[in-house]
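Undergrad:
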Ligand code: PGA
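In the working numbering, the protein residues as written are 71 to 319.
(1) Assuming residue 273 contacts residue 265 under a Cβ cut-off of 8 angstroms, what Cβ separation, rounded to an integer in Å, is found between them?
(2) According to DSSP, residue 193 sits in a beta bridge with which residue or residues?
(3) What is the rounded straight-line gap between the Cα of residue 187 and the Cα of residue 106?
(4) Alpha carbons only, please: which of 197, 155, 103 and 252 is nearest the one belonging to residue 316?
(5) Here's a check: name, in chain order, each residue in its chain whose Cβ is nearer than 6 angstroms to the Cβ of residue 124, leaving out the five neighbours to either side.
(6) Quick check: the stretch 158 to 168 against the stretch 193 to 206, are at least 3 beta-carbon pairs closer than 8 angstroms?
(7) Does DSSP put residue 80 in a helix, in a strand, or in coil?
(8) Within the present structure, is the beta-carbon of residue 164 separated from the nearest heavy atom of ligand 1 by less than 7 angstroms?
(9) Assuming residue 279 and residue 300 make a contact with CB atoms under 8 angstroms, what is their CB distance in whole Å?
(10) When every heavy atom of ligand 1 is checked, does at least one fall within less than 7 angstroms of the C-beta of residue 151?
(11) Quick one: Cα of residue 146 to Cα of residue 115, how far?
(12) Apart from the five residues on each side of it in sequence, which residues of its chain come closer than 6 angstroms, Cβ to Cβ, to residue 167?
(13) For residue 277 and residue 298, I'd like the C-alpha separation in whole angstroms.
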């Protein structure tokens, strides 16, 4: 059995709850019967409305963030258990925007991966190099380091649930998509890294997405590559027409 393609939308800090509900009405209609699996990750406050709209449809719902502690004096944060209780199934972890703007380290990302799994959430674990790292020729080394630290202490049984997203930072929100070959060679190397850690079967079954300016025009070519199993889509996931094309690419 091949790996099923996943079209995952990362809405980032866009849409109020009422706007999110309206976008969901469009997505539910346009993505019904989509060829690929479909996931949307709205802002935290939009989750209740989006989960309500997603009920009984083919659209899965994920969060964009949470804090790795169980509970306590962490003003402003939400826990994995809170998300789970709300009906959230997936969570993005280690996005480059969280690493850059909110100073999340590989160690924090590892704690979040373990906490998500412990609470029954499926991590969408992001990794990716900067332009400088690519130019320095350290892309593979850097991403292998990110993956190895993020997965430290994660059992083989748990790692099977994880989805990895390769998102080169220079391609995010820039309109500069990696070529299919560039994206595929890194996704293949991530798979090879997972194989080294957990063996061939787990590596072969793992879904590895590409993210970074994925749009309706390039999605089909990217998703046809041997080691790319879908996309983590930012900007284009906010347009129902475009996202529905990606959901069928
Ligand atoms: P983009 O964002 O599609 O707008 O480049 C992708 C992401 O950051 O997940």
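For each residue, glycine too, the CB sits at the ideal point set by N, CA and C. Note that the structure is a prediction, hence the values are computed from the model and not measured.
TA: Quick answer:
(1) 4 angstroms
(2) 161
(3) 24 angstroms
(4) 103
(5) 131
(6) yes
(7) strand
(8) no
(9) 5 angstroms
(10) Incorrect: residue 151 has no Cβ contact closer than 7 angstroms to ligand 1.
(11) 12 angstroms
(12) Once the five neighbours on either side are set aside, residue 167 has no close Cβ partner at all.
(13) 8 angstroms
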